[in-house]
Every structure is written in structure tokens, then in C-alpha cells.
Amino acid sequence: MEWIKDYWWVILLFILGIFINAIKALNKLNFKSYIDKKGIKPIPYDDEENNQTRKSAEDKNKK
4 MEWIKDYWWV ILLFILGIFI NAIKALNKLN FKSYIDKKGI KPIPYDDEEN
54 NQTRKSAEDK NKK
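The opening position of the sequence shown corresponds to residue 4 in my numbering, with each subsequent residue numbered one higher.
Written as C-alpha cells, this is what we have:
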């Protein structure tokens with residue numbers, strides 16, 4: 004365990020290198036191409052339509 008006291012900075016550099024390489028690899032990932040390959044379709048979202056249905060439901064609850 005004496006060598007850890009002398010070479011702690013080498014271990015720290017090694018861990019830092021792994022961390023930096025992991026960040027670089029994650030930045031290279033493209034989630035849009037993954038979704039296209041899997042055939043996953045996004046959920047359609049129309050804000051105006053949702054607001055109208057919510058308002059009509061609130062109006063029915065008020066009466």
C-alpha cells in the first residue's frame with residue numbers, strides 16, 4: 004500500500020482519462036438515428052387541440 008501514497012496522481016490521471024473518453028463517446032451518440040433504426044415514432048402533440056379538449060372538460064365539470 005506504500006506505492007499508493009507515492010503514485011496516487013497516476014491513478015487519478017487514469018480515472019480522469021476514462022472519464023474524459025466516456026464523455027467523448029457519449030457526445031458521438033446520435034439518438035435520432037437510433038430511434039429511426041428501431042422504428043419508434045414520436046407521440047404526436049398538438050397544443051391547440053389539447054387546450055380545447057381540456058377547456059371543454061373543465062366547462063363540463065363546472066356545470
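Where a beta carbon is used, it is the ideal one built from N, C-alpha and C, also for glycine.
Reduced DSSP category for residue i - H, G, I as helix; E, B as strand; rest coil
i, result
"Leu-32", "coil"
"Gly-20", "helix"
"Tyr-10", "coil"
"Lys-44", "coil"
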